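Visitor: Residue numbering for the sequence shown is 3 to 58, as defined by our numbering. Quick reminder that beta carbons are idealized off the backbone N, C-alpha and C, glycines included. These numbers were taken from a predicted model, which means no experiment stands behind them.
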Amino acid sequence: MENTQTTTKTPKLKLDFKDSKYATGRRKTSIAKVWLKKGTGKIYVNGKLFNEYFSS
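Now the structure itself:
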């Protein structure tokens with residue numbers, strides 16, 4: 003019996019930090035980093051769209 007798996011890979015985002023603004027937020031031992039730049043207004047968190055990442 004053959005075990006066939008189909009995997010779908012999400013395309014990696016190519017990030018360009020040229021002409022962007024950078025900020026860091028810290029609380030206790032946690033660190034949040036953000037890069038802002040002009041664009042379409044889409045927000046990504048760990049490579050996923052904001053609404054997909056925080057859907058639950």
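(1) Along the alpha helix (DSSP H) that carries Asn-53, what are the first and last residues, could you check?
(2) Between Lys-44 and Leu-38, how many whole angstroms is the CB-CB distance? I'm expecting something under 8 Å.
(3) Mind reading off the beta-carbon distance from Lys-35 to Thr-42? Whole number of angstroms is fine, and I expect it under 8 Å.
(4) Take Lys-14 and list the residues in its own chain whose beta-carbon comes closer than 6 Å to its own, dropping the five residues that flank it on each side.
(5) Using CA atoms only, rank isn't needed, just tell me which of Ser-57, Tyr-55, Lys-40 is closest to Ser-22.
Guide: The structure says:
(1) Here residue 53 corresponds to residue number 51 of the sequence shown, with the count starting at 1. Counting along the chain, the alpha helix (DSSP H) containing Asn-53 begins and ends at 52 to 55.
(2) Here residue 44 refers to the residue found at position 42 when the sequence shown is read from its first residue. Here residue 38 refers to the residue found at position 36 when the sequence shown is read from its first residue. Not a contact, Cβ separation roughly 12 Å.
(3) Mapped onto the sequence shown, residue 35 falls at position 33. Mapped onto the sequence shown, residue 42 falls at position 40. Contact flag wrong, Cβ pair sits at about 21 Å.
(4) In the sequence shown, counting from the first residue as 1, residue 14 sits at position 12. Within the same chain, Lys-14 has no close Cβ partners at all.
(5) The residue given as residue 22 occupies position 20 in the sequence shown. With distances taken between Cα atoms, Ser-22 lies closest to Lys-40.
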